[in-house]
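A.B. asks:
2 protein chains.
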Amino acid sequence: MALSHAILTALLDEELSGYDLTRKFETSLGFFWAASHQQIYQELKKLAAEGLLAATAVPQAGRPDKIVYALTDAGRRALEDWVRETSRVKPAKDDLFVKLYHVGHTDPAPVIEELRARREEHGRRLALYERIRERHYAEPERLPDRRKGIYLALAAGIRQERMFVDWCEEALALLGTLEGA
Amino acid sequence: MALSHAILTALLDEELSGYDLTRKFETSLGFFWAASHQQIYQELKKLAAEGLLAATAVPQAGRPDKIVYALTDAGRRALEDWVRETSRVKPAKDDLFVKLYHVGHTDPAPVIEELRARREEHGRRLALYERIRERHYAEPERLPDRRKGIYLALAAGIRQERMFVDWCEEALALLGTLEGA
DNA sequence: CGAAGGTATGCAACTCCTTGCATATGCCCT
DNA sequence: AGGGCATATGCAAGGAGTTGCATACCTTCG
């Protein structure tokens, strides 16, 4: 499992509600581990039942009540154990790579179309990540230790998106040389 | 769904048994879409039941009998439809990135250890992919159309592994500047 | 002869994740 | 008053993937 660990990790520094976590997973941590609110709420219940999280109901005025979750000692211990385990690498699983095997068998237009869309999409992400780096992570060596790891995750995201954009260019150039083109 | 499409794709050019497919998914296509034999056999049955594959029992001498699967016309049509659909991008979901958020909270040694291991592993993959490219995909422009797409998938793998190795170097360098180091 | 290993296929249980639906409060704007 | 939007949480069904186990044939090697 791993979403559970991502959630526990998000709670390292602060207590959050399911709703807060959902938004957090739409940015930062969510760049590396996507999760829907349904999954998050379910996982929170499970983690609370296991004693890794403590749930506190918080009545609110002017908006619906919420439930705030905090790491317990057991939760912290479980997290540390997990960090010590070595994780396995999973292949990326991107439909686009499978579709490339169809070039030469069927009309390449849809694949080319998708490559163009991807180039734009990954370009947008790249721009977003770079903006974040400029604003919050300039001069990585001078960051406090706590933020160096996060910077590195961001750096990986940047490299990944840039790599993908470059590859899209290569792919579009090569597919321009097809018979049918 | 998508493993089903990867399987159908693997059968574009040739008829294969579940066992053959399992080995095929350990290399080539499997670099981009991993699958266990259990999953493959299950999916084959389903695809045959849906009429997208035709199953033929093949008695063999000297080894166990096998079942060979071939694309049906309906299978080809389903594949073409799928290629025309645009696929969504899924984030990578790598534990290591989540673990980076723990730097500064707990002993960074295990993370550093894992980064070193990853550098080696991705380096090995990079070497493997580059060997394949040299042997079978030198001069991509001159490849027959049918192999250009496969080359591009390979090229993506190469870029990805190289990117990851470079990033590991960056990460190890930065984590070397930690207080505790 | 027996053990190891490659060939070949499968079941069952479980976890993880997605999708669609459902509900409720309160704000702001028209 | 009504619609849209943000806040806040949840159920249920099903698809996708993992893990462990099971079976059976045949060859090779010691």
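Same order as they appear, the protein sequences are chains A and B.
If you want this note's numbering, it's the position in the first sequence, counting the first as 1, plus 1236.
If you want this note's numbering, it's the position in the second sequence, counting the first as 1, plus 1236.
Each residue gets a CB set at the ideal place from its N, CA and C atoms; glycine is no exception.
Predicted, not measured: the structure shown is a model, and the values here were computed from it.
1. Give the residues of chain B in contact with residue 1407/A, contact being defined as C-beta atoms less than 7 Å apart.
2. Along chain A, which residues have their Cβ under 9 Å away from the Cβ of residue 1278/B?
3. When the Cα atoms are used, what is the spatial distance from residue 1331/A to residue 1366/A?
4. Can you tell me where the alpha helix (DSSP H) holding residue 1305/A begins and where it ends?
5. In the stretch 1266-1298 of chain A, which residues sit with their C-beta less than 9 Å from some C-beta in chain B, listed in chain order?
6. Should residue 1335/B be labelled buried (16 or more other beta-carbon atoms within 10 Å of its own) or exposed?
7. Could you pull the DSSP bridge partners for residue 1253/A from this structure?
8. DSSP three-state call for residue 1325/B: helix, strand or coil?
9. According to DSSP, simplified to helix, strand and coil, what is residue 1289/A?
10. Give the straight-line distance between the Cα atoms of residue 1322/B and residue 1296/A, rounded to the nearest whole angstrom.
11. Roughly how many whole angstroms lie between the Cα atoms of residue 1348/A and residue 1271/A?
12. Determine, using beta carbons only, whether residue 1334/A comes closer than 8 Å to chain B.
13. Excluding the 5 residues preceding and the 5 following residue 1390/A in the sequence, name in chain order all residues of the same chain whose CB lies nearer than 7 Å to its CB.
14. Closest to residue 1343/B by CA distance: which of 1241/A, 1381/A and 1409/A is it?
15. Per the contact definition of three or more C-beta pairs closer than 8 Å, is the stretch 1389-1406 of chain A in contact with the stretch 1354-1361 of chain A?
16. Express the C-alpha separation of residue 1269/B and residue 1371/B in angstroms, rounding to a whole number.
17. Taking only the alpha-carbon atoms, compute the straight-line gap between residue 1413/A and residue 1346/A and give it to the nearest angstrom.
18. Compare the C-beta of residue 1380/B with all C-beta atoms of chain A and state if any pair is closer than 8 Å.
19. So, are the CB atoms of residue 1305/B and residue 1315/B less than 8 Å apart?
20. Check the Cβ of residue 1384/A against every Cβ in chain B and list those closer than 8 Å, keeping chain order.
21. Which residues in the same chain have their Cβ closer than 8 Å to the Cβ of residue 1246/B, if we skip the five residues on either side of it in sequence?
C.D. replies: For this structure:
1. 1388
2. Residues of chain A passing the Cβ test: none, with the nearest at roughly 17 Å.
3. 26 Å
4. No alpha helix (DSSP H) holds residue 1305/A; the beta strand (DSSP E) holding it covers 1302-1307.
5. 1266, 1267, 1268, 1269 and 1270
6. buried
7. 1304/A
8. coil
9. strand
10. 43 Å
11. 29 Å
12. yes
13. 1365, 1368, 1369 and 1373
14. 1381/A
15. yes
16. 22 Å
17. 16 Å
18. yes
19. no
20. 1339, 1340, 1410, 1411, 1413 and 1414
21. 1252, 1257, 1260, 1261 and 1265
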